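Be aware that the sequence shown starts at 1, since it is given in UniProt numbering, and climbs by one per residue.
Heads up, the beta-carbon is just placed ideally off N, CA and C, and yes, glycines get one too.
These figures come from a predicted structure and were not determined experimentally.
Below is one structure; the comments refer to it alone.
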Amino acid sequence: MGIALIKKGVGRGIWPCVYTYSILIDGLCKGGRLNTAREIFHYLSLKGHLLNVCTYNIMINGLCREGLLDEAMALLPEMIENGCLPDKITCNILMQALLGKSENDEAEKFIHEMISSGFLTQ
Numbered sequence: 001m002g003i004a005l006i007k008k009g010v011g012r013g014i015w016p017c018v019y020t021y022s023i024l025i026d027g028l029c030k031g032g033r034l035n036t037a038r039e040i041f042h043y044l045s046l047k048g049h050l051l052n053v054c055t056y057n058i059m060i061n062g063l064c065r066e067g068l069l070d071e072a073m074a075l076l077p078e079m080i081e082n083g084c085l086p087d088k089i090t091c092n093i094l095m096q097a098l099l100g101k102s103e104n105d106e107a108e109k110f111i112h113e114m115i116s117s118g119f120l121t122q
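See below:
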């Protein structure tokens, strides 16, 4: 349904900006419609839309809330590859998810990687 709505709007010449898409994805995640949010997120990525850190953070947070930590972590290298650098919010979302699953060693490793990569400062 979400993708159909986007296609319908685009078909009418309405091109939403990345912030509109981010709001839509956030609402879908919070409304328990993660699969639709995923579809839209991946549709945008496949169509070459430049997703920003806010959009990635929303999707990562939605995945983490549903316990899909591995899928959320997999977005990190994709994000970087697409020229969108993680920020403190990205790191905080993933750290909370790791610690929430008692993945303390992974959390420590993750924070060191983020610092050594320059995404976080000490």
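To the nearest angstrom, how far is the alpha carbon of residue i from that of residue j?
i: D87; j: I14; result: 30 Å
i: Y19; j: D26; result: 10 Å
i: V10; j: A107; result: 41 Å
i: L57; j: I93; result: For the sequence presented, residue 57 should be read as Asn rather than Leu. Rounded to whole angstroms, N57 to I93 spans 8 Å at the Cα level.
i: C64; j: S117; result: 22 Å
i: I111; j: E81; result: 19 Å
On the three-state DSSP scale, how would you describe residue i?
i: K88; result: helix
i: R12; result: coil
i: G27; result: helix
Between which two residues does the alpha helix (DSSP H) containing residue i stretch?
i: S117; result: Careful: S117 lies outside any alpha helix (DSSP H) and carries neither H nor E.
Enumerate, from N- to C-terminal direction, the unbroken alpha helix (DSSP H) stretches of 4 or more residues contained entirely within the segment 41-104. 53-65, 69-81, 88-100, all fully within the segment 41-104.
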